[in-house]
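Here's the structure we're looking at; comments come further down.
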Amino acid sequence: YELDVVLAGDGSAKVDHVMDLTGAGASSWRGGLEAKEQRKELLTKMLSRTFPGTVVRTASFPGIEDILAPVRVEAALEVPAYTTVEQGGKLRWRVVGHEVQLLRSYAAQQKREYPLEIGVPNREERSIRYTLPAGMRFAQVPSGATVESPFGRLVLTIKQDGRTATVETLIEFTRDRIEPAEYGEFREFLTAIDAALAQTFEGTR
-13 YELDVVLAGD GSAKVDHVMD LTGAGASSWR GGLEAKEQRK ELLTKMLSRT
37 FPGTVVRTAS FPGIEDILAP VRVEAALEVP AYTTVEQGGK LRWRVVGHEV
87 QLLRSYAAQQ KREYPLEIGV PNREERSIRY TLPAGMRFAQ VPSGATVESP
137 FGRLVLTIKQ DGRTATVETL IEFTRDRIEP AEYGEFREFL TAIDAALAQT
187 FEGTR
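The opening position of the sequence shown corresponds to residue -13 in my numbering, with each subsequent residue numbered one higher.
Structure (structure tokens):
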């Protein structure tokens, strides 16, 4: 993913969104966006699960009809509530723009009697560039983090320069099966990732 997020003082944002998918992820999106005349509407629904109220201004899908090519989604978005507006007009938002709950998604149960099948190993990389409104500055910037485990890793890096901040994340799962004896350690791994990505930015005047 590559996102260029221009924030506004009312909490909204204009987002240039580029996503490249290969492997199983590409097949899933290609199937979901198969109906050409409905692609923009379907993309809006998909993105609104993460950012409620998203408006897709423009969208293109180069390569989506070529099963041998990666799926690429290029879209210009308007998100009405990307940030929370706090007292005094401060803006606050999570490091990747939304809540991440890998523990709940993959391993909500406290214990397991049988192996957990999590699918094929996968890798997700994001680069997000935030720009604050004119007259605002960063009062809080999240810390970088690295989480390593036998199941995969997270690498989070953040660079701030004036009114802009760039976030880069790598989340990689290297195992497709978790044995019951490893399940507790796997949950700890997911909890650490969730905590790193729960950090927030704060913009103030």
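Even for Gly, the Cβ is constructed at its ideal location relative to N, Cα and C.
Is the Cβ-Cβ distance between V65 and T40 less than 8 angstroms?
-> yes
Cα-Cα separation between F172 and P101, rounded to whole angstroms | 12 angstroms
DSSP three-state assignment for L54, whether helix, strand or coil | coil
Whole-angstrom Cβ separation of D162 and E103, contact assumed at under 8 angstroms?
-> 7 angstroms
F124 versus P48, P56, T30 and L(-7), residue with shortest Cα-Cα distance | L(-7)
What does DSSP give as the partner residues of I114 in its beta bridges?
-> L(-11) and V153
For G121, the nearest candidate out of T155, G148, A45 and Q95 (CA to CA) | G148
Give the C-beta separation of L29 and A55 to the nearest angstrom, bearing in mind that I take them to be a contact with Cβ-Cβ under 8 angstroms.
-> About 18 angstroms; that fails the 8 angstroms criterion.
Beta carbon of R80, beta carbon of A151: below 8 angstroms?
-> no
Cβ of D198 within 8 angstroms of Cβ of Q95?
-> Summary: the structure shown does not reach residue 198, with the chain confined to residues -13 through 191, and so no result is reported for it.
Could you check which residue in V127, G105 and E51 has the C-alpha nearest to that of T117?
-> V127
Continuous beta strand (DSSP E) assignments of at least 3 residues falling wholly in the region 64 to 91 = 77 to 80
Same chain, Cβ closer than 7 angstroms to E51, five either side skipped, listed in chain order | none
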